[in-house]
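Numbered according to our numbering, the sequence shown spans residues 9 to 268.
Ideal Cβ positions, reconstructed from N, Cα and C, are used throughout, including at glycine.
In this text the structure is predicted, and so the values were computed from the model without any measurement.
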Amino acid sequence: MTATILLHPSLTPLGGGINFRELGGNIAADGRRIKRGWLYRSGALNQLTDKDCHFLSQIPVAHILDYRDSDEVADKPDIIWSGCQYHHAPANPLSDVISANLEQLSAQTIAGFDPEKFMQELYRRLPFNNSAYKQLVAILRQPNGGALVQHCAVGKDRTGIGSALVLFALGADKNTVIEDYLLTDTTLAPFREQLLARMSLNLGKIALDKFGYVLSVRESFIDTAIAEIEVRYGSTDSWLEKEYGVTAQVRESLRERYLE
Numbered sequence: 009m010t011a012t013i014l015l016h017p018s019l020t021p022l023g024g025g026i027n028f029r030e031l032g033g034n035i036a037a038d039g040r041r042i043k044r045g046w047l048y049r050s051g052a053l054n055q056l057t058d059k060d061c062h063f064l065s066q067i068p069v070a071h072i073l074d075y076r077d078s079d080e081v082a083d084k085p086d087i088i089w090s091g092c093q094y095h096h097a098p099a100n101p102l103s104d105v106i107s108a109n110l111e112q113l114s115a116q117t118i119a120g121f122d123p124e125k126f127m128q129e130l131y132r133r134l135p136f137n138n139s140a141y142k143q144l145v146a147i148l149r150q151p152n153g154g155a156l157v158q159h160c161a162v163g164k165d166r167t168g169i170g171s172a173l174v175l176f177a178l179g180a181d182k183n184t185v186i187e188d189y190l191l192t193d194t195t196l197a198p199f200r201e202q203l204l205a206r207m208s209l210n211l212g213k214i215a216l217d218k219f220g221y222v223l224s225v226r227e228s229f230i231d232t233a234i235a236e237i238e239v240r241y242g243s244t245d246s247w248l249e250k251e252y253g254v255t256a257q258v259r260e261s262l263r264e265r266y267l268e
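Pasting the structure below:
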């Protein structure tokens, strides 16, 4: 991206950012709001400029948590600024089925790919037994740990569930979590349009439509994840505690740190 297009106030003004925005400002427990400048979500950080890196170092954003598969990281490694720790924690539970590196898929793989089935299965599996989100919780709990950006390729699916975890832990209700997820439809739009335009040079309409579906933001996706959490655990609080060790005491300590 060569120009910053601000479509929503949560977006961070970066010249090379992809859907880089913050969770700050969302309403959480007891009507309190999440502090600004602490919790960020994003797409890949491989296009950051020197100016972007200086800006992020001044916040300071001290942790990058990268949810991408290893081949995605190798293809487009993050640009890391001074004073920031990089953590690679792949979050894709379907990596043995299909690579999340969409631009590298073969024509044969694309032909047999069912995007609707894939997305539903992805969101059914993402919230559970996911070591990446255990790493997320560990970083959140570090004393004086500094600000965090969690990200995947475009900041939608793997990052969407990671962000939902943070919001639920801080006491946000289901509607707030869904609204924050759906906001990605707006904040990702410029990059998504560029990516699909680039893919259209080499792909036919059927394949392009499949990628368009995978890159879309649909309430049914996040609904699937939340419904599966409630089926398995009855509540998001129980899910947080039993899957990721976020007990009531831990939730309270996180709220003291990140809410105002």
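**Prompt:** Do Asp74 and Ala97 come within 9 Å of each other at the CB atom, strictly closer than that value?
**Reply:** yes
**Prompt:** Starting from Gln202 and walking both ways along the alpha helix (DSSP H), at which residues does that stretch end?
**Reply:** Ala197 to Met207
**Request:** Determine, using beta carbons only, whether Val162 comes closer than 9 Å to chain C.
**Result:** Here there is only one protein chain, and chain C is not present.
**Request:** Go to His16, then tell me how far its alpha helix (DSSP H) extends in each direction, as first and last residue.
**Result:** Counting along the chain, His16 falls outside any alpha helix (DSSP H), and DSSP gives it neither H nor E.
**Prompt:** Arg148 by DSSP, collapsed to three states: which one?
**Reply:** Before going on, a small fix: residue 148 reads as Leu here, not Arg. In the structure shown, Leu148 sits in a helix (DSSP, three-state: H, G or I).
**Prompt:** In the stretch 147-194, which residue ranges form an unbroken beta strand (DSSP E) of at least 3 residues, counting only runs that do not cross its ends?
**Reply:** 155-159
**Asked** Considering only residues of the same chain and omitting the five flanking positions on each side of Arg166, which have a CB-CB separation below 6 Å?
**Response** Tyr75, Ala99 and Cys160
**Prompt:** Do the CB positions of Ile8 and Lys213 come within less than 9 Å of each other?
**Reply:** The requested residue 8 is not part of the displayed model; the chain covers only 9 to 268.
**Message:** Please classify Thr255 as buried or exposed, where buried requires at least 16 neighbouring CB atoms within 10 angstroms.
**Reply:** exposed
**Asked** What are the start and end residues of the alpha helix (DSSP H) that includes Val254?
**Response** Here Val254 belongs to no alpha helix (DSSP H), and DSSP marks it neither H nor E.
**Item:** Distance, Asp104 Cα to Ser18 Cα
**Value:** 34 Å
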